[in-house]
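Residue numbers (the numbering used here): 3 to 109.
Ideal Cβ placement from N, Cα and C applies to all residues, glycine included.
All of these numbers come straight from a predicted model, not from anything done at the bench.
What follows is a short report on a single structure.
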């Protein structure tokens, strides 16, 4: 598999720390399953749609609609907000992913 901006990230949901608090992340790739999305968004999944061109549309009430494309990272913060970011933003603002001994993401 060729290097991508997400090379080195766990396949599934993982946690990491910013300077202030815990945040949760899910790389959005061709391998992201509906089960991954259900686990990540939990009750908010009703506001998430996969568009015909495979973008992920996040349309939470009282928030601007966000679109995620393959190769981006979905971020979930403790205040209930979501943000679509790229690997550069992640590396500038968060510590390494928290993973187990098999490099799988852990919460």
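So for residue i, helix, strand or coil by DSSP?
i          : result
residue 3  : Below a pLDDT of 50, predicted positions are generally treated as unreliable, and residue 3, at 46, falls in that range; the measurement from the model is reported next regardless. In this structure, residue 3 counts as coil in the three-state DSSP scheme.
residue 16 : strand
Which residue comes first and which comes last in the alpha helix (DSSP H) that contains residue i?
i          : result
residue 95 : 89-95
Excluding the 5 residues flanking residue i on each side, which residues of the same chain have their C-beta closer than 7 angstroms to its C-beta?
i          : result
residue 41 : 15
Along the beta strand (DSSP E) that carries residue i, what are the first and last residues, could you check?
i          : result
residue 27 : 24-30
Whose C-beta lies closer than 8 angstroms to the C-beta of residue i among residues of the same chain, with five residues either side of it excluded?
i         : result
residue 8 : 29, 31, 73, 75 and 89
What residues in its chain sit with their C-beta under 6 angstroms from that of residue i, if we drop five residues either side in the sequence?
i          : result
residue 2  : Here the chain has residues from 3 to 109 only, and residue 2 is not among them.
residue 65 : none
Any chance you could list the beta strand (DSSP E) runs of at least 3 consecutive residues sitting entirely within the segment 37-87, in chain order? 50-52, 58-60, 68-70, 74-79 and 84-87
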